[in-house]
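Contents: one structure, followed by commentary.
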Amino acid sequence: MSQHPEFARDRTVAEVLADALHDEPLDEAARHTRLKTTLGRAGFADPDATPAALSGGWQKRLAIARALVRAPDLLLMDEPTNHLDLDGILWLEQLLRTETAAFLVVSHDRWFLEHVTGRMLDLDPVHTGGLFETRGRYSEFLERKDAALREQARWQETLANRVRREVDWLRHGPKARTTKSQARIAEAGRLIDELAEVDARQDRRRATIEFSATERRTKRLVVAEHAAKQFGGRRVLDDVNLVLTPGTRLGVLGPNGSGKSTLIRLLIGELAPDGGRVERADGLRVAALDQHRLRLDPSVTLRRALAPHGDQVLFGERLVHVAGWARRFLFEPEQLTLPVGRLSGGEQARVLIATLMLQPADLLVLDEPTNDLDIPTLEVFEEALLEFPGAVVLVTHDRFLFERVATTVLALDGLGAAIRFADYRQWEAARCERTATVAKPVPSSTPVAAKTRAKRLTWAEQREWEGMEAAIVAAEATLTRCHEAAHDPAIATRADELAARCRALQDAHETVDRLYARWAELEAKRA
Numbered sequence: 037m038s039q040h041p042e043f044a045r046d047r048t049v050a051e052v053l054a055d056a057l058h059d060e061p062l063d064e065a066a067r068h069t070r071l072k073t074t075l076g077r078a079g080f081a082d083p084d085a086t087p088a089a090l091s092g093g094w095q096k097r098l099a100i101a102r103a104l105v106r107a108p109d110l111l112l113m114d115e116p117t118n119h120l121d122l123d124g125i126l127w128l129e130q131l132l133r134t135e136t137a138a139f140l141v142v143s144h145d146r147w148f149l150e151h152v153t154g155r156m157l158d159l160d161p162v163h164t165g166g167l168f169e170t171r172g173r174y175s176e177f178l179e180r181k182d183a184a185l186r187e188q189a190r191w192q193e194t195l196a197n198r199v200r201r202e203v204d205w206l207r208h209g210p211k212a213r214t215t216k217s218q219a220r221i222a223e224a225g226r227l228i229d230e231l232a233e234v235d236a237r238q239d240r241r242r243a244t245i246e247f248s249a250t251e252r253r254t255k256r257l258v259v260a261e262h263a264a265k266q267f268g269g270r271r272v273l274d275d276v277n278l279v280l281t282p283g284t285r286l287g288v289l290g291p292n293g294s295g296k297s298t299l300i301r302l303l304i305g306e307l308a309p310d311g312g313r314v315e316r317a318d319g320l321r322v323a324a325l326d327q328h329r330l331r332l333d334p335s336v337t338l339r340r341a342l343a344p345h346g347d348q349v350l351f352g353e354r355l356v357h358v359a360g361w362a363r364r365f366l367f368e369p370e371q372l373t374l375p376v377g378r379l380s381g382g383e384q385a386r387v388l389i390a391t392l393m394l395q396p397a398d399l400l401v402l403d404e405p406t407n408d409l410d411i412p413t414l415e416v417f418e419e420a421l422l423e424f425p426g427a428v429v430l431v432t433h434d435r436f437l438f439e440r441v442a443t444t445v446l447a448l449d450g451l452g453a454a455i456r457f458a459d460y461r462q463w464e465a466a467r468c469e470r471t472a473t474v475a476k477p478v479p480s481s482t483p484v485a486a487k488t489r490a491k492r493l494t495w496a497e498q499r500e501w502e503g504m505e506a507a508i509v510a511a512e513a514t515l516t517r518c519h520e521a522a523h524d525p526a527i528a529t530r531a532d533e534l535a536a537r538c539r540a541l542q543d544a545h546e547t548v549d550r551l552y553a554r555w556a557e558l559e560a561k562r563a
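So in the working numbering the end of the sequence shown lands on 563, straight run, no missing numbers.
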């Protein structure tokens, strides 16, 4: 599955999945069941919608469903969480935890890697051979990588000391004719080459990020009291109350279209509230980063994008030449003449961060700032936010960044409500509790509705439908347990036990598929 999926213009969601099944050796009944099951698991309410009418997140869901409907043995995914909102990412995590297919994923979403993977491959020139491999979660990978790099640094120091001794010996003019001297000279050459290779690997460059703050001493930068906003009669935000002070790092959560961008525009004064009030400190200086990178002109060169008014930039109180400024963000001098439009997504993100750093600010407003950034740059970016003395408003799906940086969380539900949480984990716990409550069947309070429903479902089918949510939850829990059991490294060499667990996993997967298909049938009958 590519990072940027494409779909035929004239096909519906259901037809896209049906096209993917075209060459599969299935009879019509099995094909229909597979299609219905996949639509149900992906959460598509309208299978007749066209891909062009879907948001970026739902197009990504469709791409994932198109890959899964063929029941592959191996699934390859390139940045699958890009464009998904938080609900979509959580859906994908649950899907992969219960999927029988092996998968390989390229991702910079560290929270996602922590929760769905059990083996890590790190492609980095710092490692011998450019590759470091370890089993376990992402957090375990970080610990082992750190230990490996510390060991490599110790070896580098040992090697340097040995080379120093051999160079001193060579300077004293050894007798090159003896076999022993020739062997030592050859060994000295080998050690020098090895040290050069280790030094080159250890010479890792990282972007240098440091946001500039003003000297403002105002304690209340932005105050919103009962703020509300609506568009076309639809209430987007209602009764929003918050105070931003220096040191506040507000994280904003919510599904796509829930009003996150509207909230930002209210806070910085680009929109006026329809109700309540939003007040800003006099002369408030705001530096903003938008997720669509609209401020980048793809036709200008990297040189002009980094230094619009000449060959130097003013950072703090000192002038920095554009070549040195570019190097700070991992650009080489020969890239300065390239148009910005030819840079990669990660490089364009670094250009925006460089521009942002030149603006002394009381308030940083960051809308999906981590899109396309690699993990080393993400880590530096986090440190810069933690050190910034002003206020930060952060909209992101990067939960690792969220958990580390945000001092408070504001969750938007898309219906106008803005609810405060202490951190991301508290929000996730509340979401799980809310989902479990919603999943419980609600009995009808009107005899008329019951009679209408009885015409479509028999009494036994109605009872089956009412218990379907709980049955699916239980079946998916069993599937998760079977998946973990089948992937237990302790039984990897015990063929009989491994085969038995794989059979149990397959049975559990078929049960979940059967329940989803049956649920779709009952839902269609109720409609």
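We put the CB at the ideal spot given by N, CA and C, even for glycine.
Residues near residue i by beta carbon distance below 8 Å, same chain, minus five either side
| i | result |
| --- | --- |
| G352 | S248 |
| V234 | Q188, W191, Q192 and L195 |
| T134 | E512, L515, T516, H519, H545 and V548 |
| E439 | W147, D459, Y460 and R461 |
| R77 | A101, L104, L131 and Y552 |
Where residue i sits in the DSSP three-state scheme
| i | result |
| --- | --- |
| R331 | coil |
| A486 | Residue confidence for A486 is low, a pLDDT of 36 falling below 50, so the modelled location carries little weight; the figure read from the coordinates is stated next. Helix at A486. |
| H208 | coil |
| K265 | strand |
| H58 | coil |
| F457 | strand |
| V416 | helix |
| F139 | strand |
| D403 | strand |
| H68 | helix |
| D549 | helix |
| P87 | helix |
| P375 | strand |
| V336 | coil |
| Q39 | coil |
| A536 | helix |
| A397 | strand |
| A324 | strand |
| E439 | helix |
Sequence-distant residues of the same chain with beta carbon closer than 7 Å to residue i, five excluded per side
| i | result |
| --- | --- |
| P477 | Its pLDDT being 47, under 50, P477 is placed unreliably by the model, and the measurement read from it follows with that caveat. Contacts found: E502 and E505. |
| R435 | W147 and Y460 |
| H545 | T136 and L515 |
| L227 | L195, R198, V199 and E202 |
| A553 | T69, K72 and T73 |
| G452 | R271, V272, L273 and D274 |
| A540 | C518 |
| A521 | R537 |
Whole-Å CB distance - residue i paired with residue j, under 8 Å assumed
| i | j | result |
| --- | --- | --- |
| V376 | L402 | So it is not a contact: roughly 20 Å between Cβ atoms. |
| V276 | A454 | 5 Å |
| D121 | G165 | Not really, about 38 Å apart at Cβ, beyond 8 Å. |
Span of the alpha helix (DSSP H) around residue i
| i | result |
| --- | --- |
| A521 | M504 to A522 |
| E315 | No alpha helix (DSSP H) holds E315; the beta strand (DSSP E) holding it covers G311 to R316. |
| T443 | No alpha helix (DSSP H) contains T443, which DSSP labels as neither H nor E. |
| V276 | That residue, V276, is in no alpha helix (DSSP H); its beta strand (DSSP E) goes R270 to L280. |
| T153 | First-last for T153: undefined, no H or E at that position. |
| A390 | G381 to M393 |
| L302 | K296 to I304 |
Pick from the options that is closest to residue i, judged by C-alpha positions
| i | options | result |
| --- | --- | --- |
| E51 | G79, R102 and G76 | R102 |
| R331 | N277, G312, V387 and G287 | V387 |
| D400 | G426, L342 and E497 | What sits at residue 400 in the sequence shown is Leu, not Asp. Out of G426, L342 and E497, G426 has the C-alpha closest to the C-alpha of L400. |
| L320 | H519, E129 and I304 | I304 |
| A54 | A81, R67 and A196 | R67 |
| V322 | N277, Q371, R252 and R354 | R252 |
| A317 | D398, R270 and D532 | D398 |
| D326 | L374, V279, A343 and A385 | A385 |
| L157 | A138, F177, E150 and D145 | F177 |
| E223 | V203, L159, R242 and S175 | V203 |
| V416 | H144, I245 and A184 | I245 |
| L390 | P344, E370 and T373 | Looking at the sequence provided, one finds Ala at residue 390 rather than Leu. Here the closest residue by C-alpha is P344. |
| T254 | F424, R106 and P282 | P282 |
| Q462 | V509, G311, C538 and A442 | A442 |
| G79 | R270, S335 and I125 | I125 |
| G154 | R173, P161 and V162 | R173 |
| L446 | Q498, V279, R537 and N407 | V279 |
Own chain partners of residue i with C-beta closer than 6 Å, once the 5 adjacent residues on each side are dropped
| i | result |
| --- | --- |
| C468 | none |
| R313 | E261 |
| D114 | S38, Q39 and V142 |
| I411 | H144 |
N- and C-terminal bounds of the beta strand (DSSP E) containing residue i
| i | result |
| --- | --- |
| R242 | Premise fails: R242 is in no beta strand (DSSP E) and is neither H nor E. |
| R97 | First-last for R97: G92 to L104, but that is the alpha helix (DSSP H), not the beta strand (DSSP E). |
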